[in-house]
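Using full-length UniProt numbering, you'd call the opening residue of the sequence shown number 1 and step up by one each time.
Just so you know, even glycine gets a beta-carbon here, dropped at the ideal spot from N, CA and C.
In this text, all values refer to a predicted model and were calculated from it rather than measured experimentally.
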Amino acid sequence: SVTVTVAYLMSRENLSLNQAYDHVKMCKPNISPNFTFMGQLLDFEKDLHGEKGTDSGDEILSSDSEKLSPTSSTGSPI
Numbered sequence: 001s002v003t004v005t006v007a008y009l010m011s012r013e014n015l016s017l018n019q020a021y022d023h024v025k026m027c028k029p030n031i032s033p034n035f036t037f038m039g040q041l042l043d044f045e046k047d048l049h050g051e052k053g054t055d056s057g058d059e060i061l062s063s064d065s066e067k068l069s070p071t072s073s074t075g076s077p078i
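Below, the structure written as structure tokens:
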């Protein structure tokens, strides 16, 4: 699961949500995590890095809608 992999990288490698997501996306470009799971990852990031977080959450949820849009293996919207 993308969510588990991102959470693992955040915890084990002390990465921000944005850094972990970008790393997984670089290795497997066609990922499209569930929107609800991304919210849980934001909460997890706050738990790991304090209430303030690392400023990555809003960037993932609002500035790049492609990251959260379901896509086919070709990268085209489904």
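Own chain, CB closer than 7 angstroms to residue i, minus 5 neighbours either side, in chain order
i: residue 44; result: 7, 10
i: residue 20; result: 6, 9, 10
CA-to-CA distance, residue j to residue i, given in whole angstroms
i: residue 26; j: residue 49; result: 23 angstroms
i: residue 12; j: residue 5; result: 10 angstroms
Proximal residues to residue i (C-beta, below 6 angstroms), its chain only, five neighbours per side dropped
i: residue 33; result: 2, 3
Close-in-space but distant-in-sequence residues of the same chain around residue i (CB under 8 angstroms, 5 per side omitted)
i: residue 23; result: 9, 15
i: residue 40; result: 3
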